[in-house]
Amino acid sequence: MAQATATPTGVAPKTSADEIPWNPKVTQQRTVGDWIVDIVIWTILTLVVLAVLYPIWFVIIASFSDQTLVASGKVTLWPLGFNVKGYEMVFSDDRVWQGYLNTIIYSVVGTALNVAVTIPAAFALSRREFAPRRIIMFFFTFTMFFAGGMIPNYLLFRSLGLLDTMWVFILPSAVNVFNLIVARSFFESSIPEELHEAAQLDGESYYGFFFKIVIPLSAAIMAVIMLYYFVQHWNDFGTGLVYIQDTHKQPLQNVLRDILLANSTQTGNATMSAGQQQLFADQIKYGIILISTIPLLILYPFLQKYFNKGVMVGAVKG
Amino acid sequence: MVQNTGTGASAVSQTVDAGNAVSAPVVDNIAARKHQPLPVRIGRHLKLYWQLWTFVLPAMIFVALFAYVPMYGLLLAFKDYDPRKGLIGGKFVGLKYFNQFFQNPQFGTILRNTINIAVQTVAFGFVFPIILALLINQIHSMKIKSFVQTITYMPHFISTVVMVSLINIFLSPDTGMIGRFFGEQSLLAYPQFFAPIYWITEVWQHCGWNCIIYLAALSAVDTSLYEAAKIDGAGRLQLIWSVDLPTILPTCVIMLILNMGGILNVGFDKTFLMQNALNLPGSEVLSTFIYKMGIINGQISLSTAATLFNTLINFFFLVLTNFISKKFSDTSIF
């Protein structure tokens with residue numbers, strides 16, 4: 001308590017003791033009730049973490065296990081009957097490679113366009129002296145709540161000749177308004193006005209200010225926006241379903257759907273029984289789930305640190 | 001929350017104008033500019049800001065083309081679609097297709113399913129992230145805190161296709177981790193279990209991610225409030241209830257309004273992928289109906305009418321929640 005009263009309210013120093021909500025140093029003693037609350041909180045959080053981790057872990061170990069043991073429920077914590085047959089089958093399936101390649105192209109080109117369009121627009125909309133920014137912002141946000149939907153989109157894409165081309169994955173999703181708002185909020189809150197004044201004194205135009213000063217200071221937001229868009233492209237399933245007929249242009253998710261959900265695995269051979277084939281198909285499913293998700297899981301730890309405080313704070317304030 | 005200035009600014013400039021009219025010794029540039037003819041003002045604006053316009057115009061063009069043109073295409077709901085006349089050609093037929101949609105034998109089921117799934121998903125998808133954020137916020141150690149966050153965000157990045165196959169695998173009878181306890185058939189075969197499976201997996205996948213926003217709000221809690229509450233003898237739960245929760249309430253309200261704007265938007269991808277012949281009575285929703293009617297059966301005008309119906313209901317709920325919230329909590333998005 002002495003520590004708390006010693007510092008004037010509101011300007012408490014940023015010690016770790018002040019940042020956490022329950023600081024044992026501040027009070028004399030914890031009541032029995034507080035201990036119970038503590039135990040309950042830790043139990044719930046442990047269960048939450050396990051509930052998230054275990055299914056993912058299970059898919060990993062099942063993909064390396066003997067499928068008869070998986071099916072009988074013996075595989076629980078570690079792979080049993082270790083083998084990589086599922087992966088061999090996945091890698092020998094041409095559809096997977098084609099889908100993978102398509103998705104990489106769509107995702108990379110798409111994300112490049114997304115960033116090139118979104119970041120400058122967000123910067124312009126973050127400039128307070130830019131008078132029309134309110135009405136332009138409304139122009140964008142309105143589309144979050146009112147949209148034409150699948151059928152008018154289909155007719156528009158058809159008249160533009162986008163159907164069955166890779167551009168249908170890239171052009172219509174060029175601007176995601178939510179990401180635009182996130183980026184704008186970042187620029188508003190973390191580019192100090194003094195920087196702009198200094199740049200103006202140096203005779204910099206908005207171009208100079210943006211490219212020479214703002215961009216180098218915005219690694220965090222660039223990373224986050226890039227990840228959001230990349231994941232959006234990588235996981236896109238609806239576009240391929242509705243607007244693409246040509247199977248060679250289908251992205252990975254649509255190939256996955258054929259293999260995982262429509263059960264059309266080209267597996268096994270005549271000597272296998274139906275049961276064996278089913279088990280084989282299961283192992284392929286586990287393998288392909290991991291292979292399709294690995295790129296995102298690799299990206300994730302690098303970008304994870306940017307997700308927390310700051311980037312999303314201003315987002316919902318519109 | 002969002003709106004301010006506007007009226008204030010114009011009021012100020014008017015009083016300045018009045019002052020100028022009487023005494024006029026002070027030259028007020030801002031007021032003077034207001035009296036310039038419009039082309040001059042626009043010219044001056046462009047001279048100063050044309051570079052910002054080049055930044056924002058590409059995004060505006062994309063949105064105009066791919067969001068506003070299809071909105072215009074919604075007019076098809078009132079017309080007989082004619083492929084030769086394109087997006088908005090065809091004869092005006094009034095509410096013919098709306099009547100057709102409302103009289104469709106499936107209409108009742110579809111609307112009931114959509115509301116059922118959406119309301120449960122919005123309600124639970126709103127409450128759980130708040131609870132999780134309040135719990136995570138109670139962790140003292142920064143290391144454990146960021147570990148829990150890292151783990152709980154992860155499922156957000158799983159694609160819908162993979163998510164639905166995980167559901168299938170875990171629920172499959174005999175062999176599935178969960179399905180083996182529920183007899184001969186997969187739980188996905190029962191129409192009545194469709195909505196719970198939908199929202200539970202939705203919460204599993206997005207709860208961690210959606211709590212980021214509340215954690216960010218919680219990091220801004222005024223710590224002196226804790227001290228004050230503790231002096232008053234508040235216990236741990238009381239601190240959460242009377243300090244943490246009120247702090248994040250405005251954020252909660254905004255998230256709720258945004259969610260209500262999508263009340264009828266049961267995710268097309270996930271529903272479509274989870275559907276099978278057996279659960280269809282409980283899983284056919286507006287978006288899947290629109291897809292089947294419009295893209296598969298080619299009933300363009302009918303499915304556009306269904307789309308417009310969907311959008312209008314969403315918009316109505318958005319405006320309604322926003323209005324209620326503005327009235328009672330002074331928080332709104334417009």
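Chains as they are written, first to last, in UniProt numbering: chain Y, 1 to 318; chain C, 1 to 334.
We put the beta carbon where it would ideally sit given N, CA and C, even for glycine.
Contacts with chain Y (Cβ-Cβ distance below 8 Å) from the segment 161-186 of chain C involve V161, V162, V164, S165, L166, N168, I169, F170, D174, T175, M177 and R180, listed in chain order. For T141 of chain Y, the enclosing alpha helix (DSSP H) has its first and last residue at R133 to F145.
Judged by DSSP in its simplified three-state form, K79 of chain C adopts strand. Residue pairing by DSSP puts F92 of chain C in a beta bridge opposite C:K79. V255 of chain Y carries a helical assignment under DSSP once its states are collapsed to helix, strand and coil.
N297 of chain C sits in coil when the DSSP states are folded into three classes, being neither helix nor strand. A distance below 8 Å separates the beta carbons of T321 of chain C and L256 of chain C. Approximately 28 Å separates the beta-carbon atoms of L132 of chain C and G233 of chain C; this is outside 8 Å, ruling out the contact. Taking a 10 Å sphere around the C-beta of K285 of chain Y, we find 16 or more other C-beta atoms and assign the residue as buried. Comparing alpha carbon positions, the residue from Y:D34, Y:G33, Y:I170 and Y:W97 closest to T111 of chain Y is Y:I170.
Contact annotation for T304 of chain C against chain Y: I151 and P152 [CB-CB distance below 7 Å, chain order]. Around G110 of chain Y, no beta-carbon contact reaches into chain C at under 8 Å, the shortest distance being about 12 Å. Secondary structure of Q250 of chain Y (DSSP, three-state): coil. Residues G261 of the same chain have their beta carbon placed closer than 8 Å to that of F315 of chain C, with the five preceding and five following residues left out of the count. Sorting C:L245, C:I300 and C:G176 by C-alpha distance to the C-alpha of L218 of chain C places C:L245 at the top. A Cβ-Cβ separation of about 11 Å leaves I200 of chain C out of contact with L187 of chain C under the 8 Å criterion. Collapsing the DSSP output to three states places R236 of chain C in a helix. Annotation for N114 of chain Y: the continuous alpha helix (DSSP H) segment containing it runs D94 to S126. For K270 of chain C, the enclosing alpha helix (DSSP H) starts and ends at F268 to M274. Under the Cβ criterion (8 Å, minimum of three pairs), the segment 285-295 of chain C does not count as touching the segment 237-252 of chain C. Annotation: I213 of chain Y is outside any alpha helix (DSSP H) and is labelled neither H nor E by DSSP. Short of 7 Å from the beta carbon of K74 of chain Y, and not among the five residues preceding or following it, lie these beta carbons of its own chain, in chain order: L80.
In the DSSP assignment, P70 of chain C falls within the unbroken alpha helix (DSSP H) covering V69 to G73.
Only those residues of the segment 267-279 of chain C whose C-beta falls short of 7 Å from the nearest C-beta of chain Y are listed: F268, D269 and L273. Short of 6 Å from the beta carbon of M274 of chain C, and not among the five residues preceding or following it, lie these beta carbons of its own chain, in chain order: V164. For S159 of chain C, the chain Y residues whose Cβ falls inside 9 Å of its Cβ are V231, W234, N235, D236, F237, L252, Q253, L256, S292, T293 and L296, in order along the chain. Buried is the label assigned to A124 of chain Y, since at least 16 other Cβ atoms lie within 10 Å of its Cβ. In chain order, Q283 place their CB closer than 7 Å to the CB of K85 of chain Y, counting only its own chain and leaving out the 5 sequence neighbours on each side. In terms of beta-carbon proximity, T307 of chain C lines the interface with chain Y, with at least one pair separated by less than 8 Å.
Secondary structure of T152 of chain C (DSSP, three-state): helix. For C252 of chain C, the three-state secondary structure derived from DSSP is helix. Under the three-state reduction of DSSP output, A219 of chain Y falls in the helix class. Within 8 Å of the CB of A229 of chain C, no CB atom of chain Y is found; the nearest one sits about 10 Å away. Separation of D202 of chain Y and F209 of chain Y (C-alpha to C-alpha, rounded to the nearest whole angstrom) is 10 Å.
In the three-state DSSP reduction, I333 of chain C falls in the coil class, being neither helix nor strand.
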